[in-house]
Amino acid sequence: MKAVILAGGFGSRLQEETVVRPKPMVEIGGKPMLWHIMNIYSAHDVNEFIVALGYKGEVIKEYFLNFYAFNNDMSLDLSRGHVDVHDGNQPGWKIHLVDTGLKTQTGGRIRRLKDWLGDDETFMLTYGDGVADIDVNALLQFHESHGKLATVTIVRPPARFGGVALDSDKVLQFKEKPQTGEGWINGGFFVLNRKVIDFIDDDETIWERSPLERLAKEGELMAYRHSGFWQPMDTLRERHMLEDLWESGEAPWKVWK
């Protein structure tokens with residue numbers, strides 16, 4: 179099972195941090211948000227990732243190229259140009275870092291990954307700026323139980339996020355960012371069949387608009403309710419909140435050991 183992580187946006191609402199690095203590389207507890215997200219999946223045995231790069235993608239490439247140096251002790255013999263990285267933090271991850279364009283929209287980024295996915299492959303998808311204490315295995319089991327093309331995890335945070343109208347577990351309508359009201363909204367953490375790429379027209383397609391709206395209209399989008407912790411990192415205040423939770427030792431999304 180592969181997990182696709184959208185990590186190419188400009189992070190304009192977090193400019194204090196994203197002027198020098200992409201939002202998924204903003205650190206919580208000294209580790210990039212991307213690292214936290216990957217650990218959530220890895221705790222549920224999802225260890226292969228496709229990271230859709232865009233804005234400052236080279237920062238993400240540099241981090242993973244130097245992952246062992248950043249996360250382990252090292253011994254350097256400068257006279258011989260020899261480096262020993264001592265055993266320590268060695269997650270069993272396979273990571274594909276794919277440039278999906280600087281200004282490509284979310285749907286377009288998914289579409290550009292089509293050759294990285296099998297013809298009838300089921301894969302996971304999430305954003306590179308949010309964490310949750312989600313049970314990824316239960317999410318996958320739910321997706322497999324209904325046989326539809328797509329599952330979206332829905333949560334109950336503030337009304338500024340995209341809203342979902344439901345009939346039992348079936349998504350009837352998908353509306354991006356309603357102006358008023360509260361209810362179940364898009365929390366990311368999708369499970370998808372590769373066929374959803376047929377619902378994406380081009381680089382300008384926003385995943386949260388026409389593709390999800392069409393999937394809902396055709397009865398191919400189901401909702402997995404997550405009532406636990408979920409938090410995006412859109413603002414500096416939210417970053418500080420996540421940092422405080424991590425420093426307290428009680429970060430709800432830390433589902434790994």
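Just so we're aligned: the sequence shown equals residues 179 to 435 in this note's numbering. Ideal Cβ placement from N, Cα and C applies to all residues, glycine included.
For T331, the CB contacts under 6 Å within the same chain, skipping 5 residues up- and downstream, are G365, F367, Y402 and H404 in chain order. Under DSSP, V349 takes part in a beta bridge, and its partners are L344. In this structure P200 is buried. Its beta-carbon is surrounded by 16 or more other beta-carbon atoms within 10 angstroms.
Per the coordinates, the alpha-carbon of E416 lies some 17 Å from the alpha-carbon of G427. For T196, the enclosing alpha helix (DSSP H) has its first and last residue at Q193 to T196.
Cβ atoms of G296 and W385 stay farther apart than 8 Å, at about 20 Å.
The three-state reading of DSSP puts L256 in coil, since its state is none of H, G, I, E or B.
With three or more CB-CB distances shorter than 8 Å, the region 230-242 counts as touching the region 202-210. Listed in chain order, the beta strand (DSSP E) runs fully inside the region 260-301 are 260-263 and 272-277, counting runs of at least 3 residues. By the neighbour-count criterion, in which a residue is buried when 16 or more other Cβ atoms sit within 10 angstroms of its Cβ, H264 is exposed.
Annotation: D313 to I228 spans about 20 Å, alpha carbon to alpha carbon. Counting along the chain, I332 sits inside the beta strand (DSSP E) bounded by residues A328 to V333. Residue environment: M252 is assigned as exposed (fewer than 16 neighbouring CB atoms within 10 Å of its CB, all protein chains considered).
N371: member of the beta strand (DSSP E) spanning F368 to N371, first to last residue. It is roughly 5 Å from the alpha-carbon of A185 to the alpha-carbon of L231.
Non-local beta-carbon contacts of R191 in its own chain, meaning distances under 7 Å to residues more than five positions away in sequence, involve D412 and T413 in chain order.
For G259, the number of other beta carbons within 10 angstroms of its own is below 16, and it is reported as exposed. For H324, the closest C-alpha among the options P210, I215, L399 and V224 is that of L399. Excluding its 5 nearest sequence neighbours in each direction, E194 has C-beta neighbours in its own chain below 8 Å: L414, listed in chain order.
Rounded to the nearest angstrom, the Cβ distance from E299 to R372 is 5 Å, consistent with a contact under 8 Å. At the C-beta level, D376 and T282 stay beyond 8 Å of one another.
Inside the region 196-259, DSSP marks whole alpha helix (DSSP H) runs of 4 or more residues at positions 211-220, 235-243 and 245-249, from first to last along the chain.
Comparing alpha-carbon positions, the option among V182, A429 and D311 lying closest to V276 turns out to be V182. In this structure, A394 and V349 form a Cβ contact; the two beta carbons are roughly 4 Å apart against a cut-off of 8 Å.
Between G406 and A310 a beta carbon distance of about 7 Å is seen, short of the 8 Å cut, so the two are scored as contacting. For K180, DSSP records a beta bridge to E226 and F301.
Judged by DSSP secondary structure, M400 falls within the beta strand (DSSP E) whose first and last residues are L399 to R403.
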